[in-house]
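Okay, so the sequence shown: first residue is 1 according to full-length UniProt numbering, each after it adds one.
Ideal Cβ positions, reconstructed from N, Cα and C, are used throughout, including at glycine.
Quantities reported herein were computed from a predicted structural model and do not represent experimental measurements.
A short write-up of the structure that comes next.
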Amino acid sequence: MKELRRPALLENHPGLLFGLKSCDDWRPRFHSHAREVCWQQRASTAARALTAAPPAPSPEKEASKADAWSSTRIPKSINEISNGENILGFGANLSADHPGYNDEEYKRRRMQIVELAKQHVPGQPVPYVEYTPAETAVWGEVLTKLEKLYPDFACKQFLDTFSLFNFRPDRVPQLQDMSEVLQQRTGWTIRPVAGLLHPRDFLNGLAFRTFHSTQYIRHGSNPMYTPEPDICHELLGHVPMLADPAFADMAYSIGLASLGASKEDCWHLTKLYWYTVEFGVIKEGEQLKAFGAGILSSFGELEWFQHGKGDQRPVFEPLDPFGKLTKMSYKDGFQKKYYVADSFEDLSAKIKEYATYLHNKNKVTSLDLSILQ
1 MKELRRPALL ENHPGLLFGL KSCDDWRPRF HSHAREVCWQ QRASTAARAL TAAPPAPSPE
61 KEASKADAWS STRIPKSINE ISNGENILGF GANLSADHPG YNDEEYKRRR MQIVELAKQH
121 VPGQPVPYVE YTPAETAVWG EVLTKLEKLY PDFACKQFLD TFSLFNFRPD RVPQLQDMSE
181 VLQQRTGWTI RPVAGLLHPR DFLNGLAFRT FHSTQYIRHG SNPMYTPEPD ICHELLGHVP
241 MLADPAFADM AYSIGLASLG ASKEDCWHLT KLYWYTVEFG VIKEGEQLKA FGAGILSSFG
301 ELEWFQHGKG DQRPVFEPLD PFGKLTKMSY KDGFQKKYYV ADSFEDLSAK IKEYATYLHN
361 KNKVTSLDLS ILQ
């Protein structure tokens with residue numbers, strides 16, 4: 001397979017990678033039900049749409065995005081991380097290949113939900129969204145299909161925490177309710193976001209035990225496909241794992257490592273996040289189980305990472321935060337390589353060691369970290 005080179009636009013806007021997660025639910029189909037092609041083939045299309053979509057972004061906003069990538073300023077509180085201004089994609093603006101692109105009613109609905117997120121103030125309850133019967137039906141279809149696969153493919157920690165949230169097919173959960181469970185379990189909170197955050201902003205948020213989540217839902221014309229993160233992915237992929245103390249500590253360590261990180265180090269942390277929180281795999285005895293949200297929210301990726309397809313099989317390697325990580329696979333189908341953790345405690349210890357290395361390298365002091373609120 002020809003090695004994929006990162007498009008120049010993604011070099012400048014790598015935050016696209018945080019939202020466009022490899023998931024068969026998010027793939028178009030060629031022929032009626034032939035081989036699935038990963039969302040990442042659409043990254044360049046989405047990126048072009050983002051840069052071309054009117055109204056043109058102001059120079060100030062473009063400068064803000066560039067500053068977010070280059071700036072090593074350490075936020076002192078979650079209030080210093082915007083959840084609506086420094087958005088790189090999607091939100092209320094849809095790319096031409098989005099199933100809802102020509103659906104004006106759907107776009108108006110998304111705009112309503114996006115505006116709720118923009119108005120949210122940290123520390124206040126997450127805005128309530130009254131999901132429609134059609135939106136609830138989409139949620140129910142996705143939940144019903146995925147939860148049948150979890151007993152065989154999901155890690156023990158995911159299975160242990162999944163029941164805490166009382167997911168039901170006839171009700172789309174509210175982020176505030178989910179956030180309250182996380183707050184009690186691990187001290188984490190959920191903050192609504194208007195679209196795709198820049199990686200530095202997103203990773204910095206983890207250092208405040210805050211997970212930025214979308215509230216809008218995929219288009220109803222194809223419940224098993226979306227080119228972006230939506231509430232189905234956030235709730236079924238991310239939320240249960242954040243209720244596990246060891247996993248939550250690991251994610252927090254990635255956030256701490258991002259504080260004051262250089263552009264190059266932040267990009268490496270982006271990949272570290274990708275291969276853990278999004279596509280992480282863990283050993284359970286002689287078996288490998290999924291803990292990454294990009295696997296857990298994808299029925300196709302769940303089956304692929306365990307069984308492969310035909311004579312094709314993914315590659316599994318031990319995860320070393322200090323080591324060179326494979327280029328993120330945002331094209332050509334499912335992930336070709338997964339990195340395996342022995343345990344969350346071991347993984348968290350390794351990431352903490354890496355965070356200490358980065359802080360020393362980038363001259364981030366204990367005083368800098370002690371004043372975080």
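Neighbourhood of residue i by C-beta, 8 angstroms cutoff - its chain only, sequence neighbours within 5 removed
i	result
Thr45	Low per-residue confidence applies at Thr45: pLDDT is 34, beneath 50, and the placement is therefore not dependable enough to give any value.
Met178	Phe165, Ile190, Leu235, Val239
Own chain partners of residue i with C-beta closer than 7 angstroms, once the 5 adjacent residues on each side are dropped
i	result
Pro54	Low per-residue confidence applies at Pro54: pLDDT is 36, beneath 50, and the placement is therefore not dependable enough to give any value.
Leu149	Phe299, Leu302
Val257	Per the sequence shown, the amino acid found at residue 257 is Ala instead of Val. Result list for Ala257: Leu269, Ile351, Tyr354, Ala355, Leu358, in chain order.
Glu141	Pro223
Leu367	none
Val181	Leu164, Phe165, Ala243
Tyr275	Leu319, Leu325, Tyr339
Gln183	Thr189
Pro245	Thr186
Ser253	Ser348, Ile351, Lys352, Ala355
Gln306	Phe153
Run of the alpha helix (DSSP H) containing residue i, from where it starts to where it stops
i	result
Leu236	Counting along the chain, Leu236 falls outside any alpha helix (DSSP H), and DSSP gives it neither H nor E.
Gln306	299–307
Ala290	Premise fails: Ala290 lies in the beta strand (DSSP E), 287–290, not in any alpha helix (DSSP H).
Tyr273	263–273
Candidates the options: closest to residue i by CA position
i	options	result
Val121	Lys148, Ile78, Glu147, Thr144	Ile78
Val193	Leu203, Ser82, Leu143	Ser82
Leu347	Phe165, Ala251, Thr214, Thr210	Ala251
Lys76	Gln312, Asn204, Glu301	Asn204
Lys240	Thr189, Pro318, Gln157, Gln287	Correcting the residue identity first, residue 240 is Pro in this sequence and not Lys. Per the Cα distances, Gln157.
Glu234	Arg73, Glu284, Ser213	Ser213
Gly292	Gly310, Lys271, His219	Lys271
Val129	Gln312, Asn166, Val114, Gly187	Val114
Arg313	Phe334, Leu319, Gln183, Tyr275	Phe334
Tyr106	Ile217, Thr189, Asp201, Ala207	Ile217
Pro125	Gln176, Arg168, Cys155, Thr136	Gln176
Phe208	Trp274, Asn362, Ala248	Ala248
Lys283	Trp274, Ser297, Ala154	Ala154
Ala286	Ile74, Val340, Gly220	Here residue 286 is Glu; the residue named in the question, Ala, does not match the sequence. Nearest of Ile74, Val340, Gly220 to Glu286, Cα basis: Val340.
Glu317	Gly310, Leu325, Asp265	Leu325
Leu288	Pro151, Ser71, Leu143	Pro151
Ser343	Lys327, Arg109, Gly280	Gly280
Lys337	Ala349, Lys361, Phe322, Gly308	Gly308
Pro199	Ala261, Pro169, Leu143	Ala261
Thr136	Pro173, Gly123, Arg109, Arg108	Pro173
Leu259	Asn362, Met328, Cys232	Asn362
Ser329	Glu278, Phe167, Glu345	Glu278
Start-to-end residues for the beta strand (DSSP E) that takes in residue i
i	result
Pro192	189–192
Asn210	Checking the displayed sequence, the identity of residue 210 turns out to be Thr instead of Asn. Run containing Thr210: 210–213, per the beta strand (DSSP E) assignment.
Lys337	337–341
Pro99	Here Pro99 belongs to no beta strand (DSSP E), and DSSP marks it neither H nor E.
Phe344	Note, Phe344: premise wrong, no beta strand (DSSP E); alpha helix (DSSP H) at 344–361.
Ile282	281–284
Phe316	315–318
CB contact below 7 angstroms: residue i versus chain B
i	result
Tyr106	Absence of chain B from the displayed structure is noted, only one protein chain being present.
Outcome for residue i when other beta-carbon atoms lying within 10 angstroms are tallied against a minimum of 16
i	result
Ala134	exposed
Gly100	buried
Gln119	exposed
Lys145	exposed
Asp320	exposed
Glu228	buried
Lys263	exposed
Val315	exposed
Phe322	exposed
Thr365	exposed
Pro255	Per the sequence shown, the amino acid found at residue 255 is Gly instead of Pro. Buried, since its Cβ has 16 or more Cβ neighbours within 10 Å.
Thr132	exposed
Gly195	buried
Glu104	exposed
Arg73	exposed
Ser22	Low confidence applies to Ser22: its pLDDT is 37, below 50, so where it sits in the model is not reliable enough to give any reading.
Own chain residues within Cβ distance below 6 angstroms of residue i, not counting five before or after
i	result
residue 406	Nothing about residue 406 can be reported from this structure: the residues present for the chain run from 1 to 373 only.
Trp304	Phe334
Asp265	Leu358
Gly220	Ala134, Val138
Lys61	The pLDDT assigned to Lys61 is 46, lower than 50, so where the model puts this residue is not dependable; a value taken from the coordinates is nonetheless given after this. Answer for Lys61: no residue qualifies.
Pro59	Note that Pro59 scores 43 on pLDDT, short of 50, meaning its location in the model is unreliable and no value can be drawn from it.
Leu116	Pro127
Any non-hydrogen atom of the ligand NAD within 6 angstroms of residue i CB
i	result
Ala134	Questions concerning the ligand NAD fall outside what the structure shown contains, since it holds no ligand whatsoever.
Identify every run of the alpha helix (DSSP H) within the stretch 158–203, keeping only runs that are complete inside it and at least 4 residues long; order them along the chain.
-> 175–186
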